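Position in the sequence shown (first residue = 1) + 539 = this note's numbering.
Shown next, in structure tokens, is the structure this report addresses.
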Amino acid sequence: ADMLREKNLKVDEEKFELLMNEQKARAKASWKGSGDKTASGDFKNLLEKFGENHFVGYEKAECESKILALLDEDFKEVSTLKDAGWVMLENTPFYATSGGQSADSGFIAKREVLDTQKFFNLNLSFVKAGEELKV
Numbered sequence: 540a541d542m543l544r545e546k547n548l549k550v551d552e553e554k555f556e557l558l559m560n561e562q563k564a565r566a567k568a569s570w571k572g573s574g575d576k577t578a579s580g581d582f583k584n585l586l587e588k589f590g591e592n593h594f595v596g597y598e599k600a601e602c603e604s605k606i607l608a609l610l611d612e613d614f615k616e617v618s619t620l621k622d623a624g625w626v627m628l629e630n631t632p633f634y635a636t637s638g639g640q641s642a643d644s645g646f647i648a649k650r651e652v653l654d655t656q657k658f659f660n661l662n663l664s665f666v667k668a669g670e671e672l673k674v
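Here you go:
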């Protein structure tokens, strides 16, 4: 305000507020969030059992990793996955959808990974039906 007075300039505060609110609305509409998805499932149980899994995709494009958990399409923990469902790896090279970025795809034990999402800080990869997976 002092700089404006020194230069004999004035601000149309009503117009400024209007334009600022329009920009805030545009920014809010385009923001995709933290990337964490919401769904009901066994996430609390998984966090208590295993803690958060680790994303290693910045260092490695592929890695060997232990399957910590398998979940059906409704996010219920199962010991064997025959159909499509979610896989929780101890270490994962698959990037989860976050903000505007797309998720990685690839393969886990000959099963195609179609999507990777983050649920409560757990990176889970969605795999197509195929070869049976067991924990």
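Ideal placement from N, C-alpha and C gives every residue a C-beta, glycine not left out.
All of these numbers come straight from a predicted model, not from anything done at the bench.
Tell me the DSSP secondary structure of residue i in three-state form.
i: Lys-621; result: coil
i: Asp-541; result: helix
i: Leu-548; result: coil
i: Gly-572; result: Bear in mind that the predicted position of Gly-572 carries a pLDDT of just 45, short of 50, making it unreliable; the figure below should be weighed with that in mind. Coil, per DSSP.
i: Ala-564; result: helix
i: Asn-660; result: coil
i: Asn-584; result: helix
Where DSSP assigns a beta bridge to residue i, which residues make up the other side?
i: Gly-645; result: Val-652
i: Val-666; result: Gly-624 and Val-652
i: Leu-557; result: Its beta-bridge partners do not exist; DSSP assigns none.
i: Met-594; result: The residue you asked about is not Met; residue 594 is Phe in the sequence shown. Paired residues: Thr-631.
i: Ser-637; result: Gln-640
i: Leu-609; result: Val-617 and Val-626
i: Lys-675; result: With the chain represented from 540 up to 674, any question about residue 675 goes unanswered, as that position is not in the structure.
Please check the pair residue i and residue j, which I expect to be a contact at CB under 8 Å, by giving their CB distance rounded to whole angstroms.
i: Phe-659; j: Phe-594; result: Phe-659 to Phe-594, Cβ: 15 Å. No contact.
Distance, Cα to Cα, residue i vs residue j?
i: Phe-665; j: Val-617; result: 14 Å
i: Ala-608; j: Glu-561; result: 45 Å
i: Leu-653; j: Met-559; result: 40 Å
i: Leu-557; j: Lys-549; result: 16 Å
i: Ser-637; j: Arg-544; result: 45 Å
Do we get a CB-CB distance below 9 Å when we pair residue i with the residues of chain C?
i: Leu-620; result: No chain C appears in this structure, which consists of one protein chain only.
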